[in-house]
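First residue of the sequence shown: 1, per full-length UniProt numbering; consecutive thereafter.
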Amino acid sequence: MRAITIPEPGGPDALVWAEVPDPQPSEGEVLVEVATTAVNRADLLQRQGFYDPPPGASPYPGLECAGRIKALGPGVGGWAVGDEVCALLSGGGYAEQVAVPAGQLLPVPKGLDMAAAAALPEVTCTVWSNVFMIAHLRPGETLLAHGGSSGIGTMAIQLAKAVGARVAVTAGSADKLARCAELGADILVNYRDQDFVEEVRKATDGKGADVILDIMGAKYLDPNVKALATNGRLAIIGLQGGAKAELNLGALLTKRGAVTATSLRGRPLAEKAAIVAAVREHVWPLIENGQVRPIVDRTLPMAEAAEAHRIVDASSHVGKVVLTV
């Protein structure tokens, strides 16, 4: 088969479409013939040599895909050759085929094509596990989602609104904030010229955000704690603003706040399967009834993976950038 390889870490042109050995499904895995995959910032880090795949995972980038089951490995039940699926991956989505643990498969939602389906697994699993399974966002509460126009942000807005929460977002342009508003965001903050702490507290009558979904890490740690409501929960899922910061424990204690930090890629198979099962139960019905939808900015052929990386690196997109095989 062919796959996007990274012979040497570097810029977007380090991505090389090359012939590689076909994957073989192991016990409990299925072989998926990939139709589409989507670009995540983790892929950019892997290309640069900063984010190696977990032990045993495919060496090729790509944390999600959509396609059809080509073969079943030993011990797999509940799926059949030819089923249309999308999948959460530890790697290998930028390829013509990938072996996937059966617990990380999802059926393609009714009414969606392969491009839209490929844009779902990573964002739905990330948002549902952090905002709902860990931070327990409830109806009537306020969620602050940083990077509201990203793939994660556009999904967080929709899922929070679907459960009856209020949503605040940050983004870097009026156009991106307008797209967030179209998806249901209530409080719009341009981080280039507005203080999100002040804006969120003002919009909530001084209370603050009950849950914050953060992609920035160190740079936003102190202001995030300031923006938290009493009993607020801060979920950190990215380190775009650095990995080390000083935490004012006194401020956190006064608010009875909680800080969690998680990644998805390296979790044990059983944990990922539990998240995928929860997404299928709670999120898939919202997608199939039209309440929630994947936001696809554009679709490019796999041969243009380098250009897709440039687009995501420049943050010139809204939602997900999808690659087709």
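Ideal Cβ placement from N, Cα and C applies to all residues, glycine included.
(message) Quick check: what's the CA-CA separation for residue 290 versus residue 319?
(response) 17 Å
(request) List the residues that DSSP assigns as beta-bridge partners of residue 67. (result) According to DSSP, residue 67 shares a beta bridge with 34, 85.
(message) Considering just the uninterrupted stretch of the alpha helix (DSSP H) at residue 310, what are its terminal residues?
(response) 305-313
(request) Grab the span of the alpha helix (DSSP H) containing residue 42 for me, first residue to last. (result) 41-47
(message) Quick check: the segment 32-51 against the segment 128-148, are at least 3 beta-carbon pairs closer than 8 Å?
(response) no
(message) Mapping the DSSP letters down to three states, classify residue 324 as helix, strand or coil.
(response) strand
(message) From the DSSP secondary-structure annotation, give me the bridge partner or partners of residue 301.
(response) 324
(request) Give the straight-line distance between the Cα atoms of residue 252 and residue 75, rounded to the nearest whole angstrom. (result) Roughly 48 Å between the two C-alpha positions.
(message) Let me make sure I understand the geometry here. Which of 122, 60, 111 has the alpha-carbon closest to that of residue 302?
(response) 60
(request) Compare the Cα-Cα distances from residue 227 to each of 189, 25, 275 and report the closest residue. (result) 189
(message) Quick check: what's the CA-CA separation for residue 210 versus residue 193?
(response) 24 Å
(request) Ignoring anything shorter than 3 residues or poking outside the segment 182-241, list the beta strand (DSSP E) runs there in chain order. (result) 187-190, 209-214, 228-236
(message) For residue 239 and residue 216, I'd like the C-alpha separation in whole angstroms.
(response) 5 Å
(message) At 3 residues or longer, what runs of the beta strand (DSSP E) sit wholly inside the segment 81-142?
(response) Complete beta strand (DSSP E) runs here, min 3: 84-88, 97-101, 105-107.
(message) Does the structure place the segment 253-261 close enough to the segment 270-283 that three or more beta carbon pairs sit under 8 Å?
(response) no
(request) Compare the C-alpha of residue 78 against each of 90, 138, 29 and name the closest. (result) 29
(request) State the beta-bridge partners of residue 319 as determined by DSSP. (result) 150
(request) Put residue 262 into one of helix, strand or coil per three-state DSSP. (result) coil
(request) Name the one or two DSSP bridge partners that residue 287 has. (result) None, per the DSSP bridge assignment.
(message) Can you look up residue 6 in the DSSP assignment and give me helix, strand or coil?
(response) Of the three classes helix, strand and coil, the one that applies to residue 6 here is coil, per DSSP.
(request) Identify every residue that forms a DSSP beta bridge with residue 17. (result) Answer by DSSP bridge pairing, in chain order: 4.
(request) With distances taken Cα to Cα, identify the nearest neighbour of residue 296 among 286, 288, 285, 308. (result) Looking from the CA of residue 296, the closest CA among 286, 288, 285, 308 belongs to 308.
(message) Need the endpoints of the alpha helix (DSSP H) that residue 163 sits in, please.
(response) Element bounds for residue 163: n/a, residue is neither H nor E.
(request) Sort 33, 300, 224, 38 by Cα distance to residue 1 and report the nearest one. (result) 33
(message) Tell me the DSSP secondary structure of residue 245 in three-state form.
(response) coil
(request) Decide yes or no for the touch test of the segment 142-162 against the segment 118-127: beta carbon pairs closer than 8 Å, at least 3 of them. (result) yes
(message) Assuming residue 255 is part of the alpha helix (DSSP H), what are its boundary residues?
(response) Element bounds for residue 255: n/a, residue is neither H nor E.
(message) For residue 65, tell me which candidate among 91, 37, 113 has the shortest Cα-Cα distance.
(response) 37
(message) Within 10 Å of its beta-carbon, does residue 246 have 16 or more other beta-carbons around it, so buried, or fewer, so exposed?
(response) exposed
(request) Could you pull out every residue in the same chain whose Cβ sits closer than 8 Å to the Cβ of residue 260, ignoring the five residues on either side in sequence? (result) If the five residues before and after residue 260 are omitted, its C-beta is found closer than 8 Å to the C-beta atoms of 130, 134, 135, 233, 234, 235, 236, all from its own chain and listed in chain order.
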